[in-house]
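Peer 1:
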Amino acid sequence: MGGKEGALEEFAYPVGFGDGYVEYPSSDPHVYALRVRGDSMHPRYRAGEFVVIEPSIEPQDGDDVVVICVDGRKLLKQLNWLRDDELQLLSINNGYAPLTLKRSDVHSLQLVAGRARRSAFMKT
Numbered sequence: 002m003g004g005k006e007g008a009l010e011e012f013a014y015p016v017g018f019g020d021g022y023v024e025y026p027s028s029d030p031h032v033y034a035l036r037v038r039g040d041s042m043h044p045r046y047r048a049g050e051f052v053v054i055e056p057s058i059e060p061q062d063g064d065d066v067v068v069i070c071v072d073g074r075k076l077l078k079q080l081n082w083l084r085d086d087e088l089q090l091l092s093i094n095n096g097y098a099p100l101t102l103k104r105s106d107v108h109s110l111q112l113v114a115g116r117a118r119r120s121a122f123m124k125t
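Here my numbering is used: the sequence shown runs in plain steps of one and ends on residue 125.
(1) So, using beta-carbon positions, are Val52 and Val37 closer together than 8 Å?
(2) Using CA atoms only, rank isn't needed, just tell me which of Asp85, Tyr97, Ser92 is closest to Arg104.
(3) Looking at the secondary structure, which residues open and close the beta strand (DSSP E) in which Thr101 lies?
(4) Reducing DSSP to helix, strand and coil, say where Asp106 ends up.
(5) Compare the C-beta of Arg104 with all C-beta atoms of chain C and state if any pair is closer than 8 Å.
(6) Helix, strand or coil for Arg119, going by three-state DSSP, please let me know.
(7) For the beta strand (DSSP E) that Glu126 lies in, which residues bound it at each end?
(8) When the Cα of Gly96 is compared with those of Gln111, Pro44, Trp82, Leu110, which residue comes out closest?
(9) I need the straight-line Cα distance from Ile58 to Val66, nearest angstrom please.
(10) Suppose you measure from the CA of Glu10 to the CA of Lys75; what does that come to, to the nearest Å?
(11) So if DSSP puts Gln89 in a beta bridge, which residue, or which two residues, is it bridged to?
(12) Measuring CA to CA, which of Trp82, Gly63, Ser41, Asp72 is closest to Ser92?
Rendered as structure tokens:
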């Protein structure tokens, strides 16, 4: 979920134990979805929609990503560039400045494979 500055909030349900699911075709066995909050990636992603994450696929410059920081923050951003010791992230909404992070501050960088509308959510 994207919130202030694109921060994400994770429910941390193990696969099969959430309160619902989003159907999305993927060959990644670890695929999962997060609900978007906030406007840092608007209009590409709107609050209430879902982003589909394929963590087994390595993101490239220009890809939309979920960044999981070692301090627990989770960010929905566009990867501008990745260097040996740092990376730069962009918001689609021009109201947010680019964000440069040290690689040592990043636990994981995961590819956003797509999005799903609010109506795609199926309660279990």
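Where a beta carbon is used, it is the ideal one built from N, C-alpha and C, also for glycine.
Peer 2: In this structure, then:
(1) yes
(2) Asp85
(3) Residue range 100-103 is occupied by the beta strand (DSSP E) that includes Thr101.
(4) helix
(5) Among the chains of the structure shown, chain C does not appear; only one protein chain is present.
(6) Three-state DSSP puts Arg119 in a helix.
(7) Here the chain comprises residues numbered 2 to 125, so residue 126 is not present and cannot be evaluated.
(8) Pro44
(9) Each residue's alpha carbon lies about 11 Å from the other.
(10) Low confidence applies here, because Glu10 scores a pLDDT of 48, under 50, leaving its location unreliable and the question unanswered by this model.
(11) Trp82, Thr101
(12) Ser41
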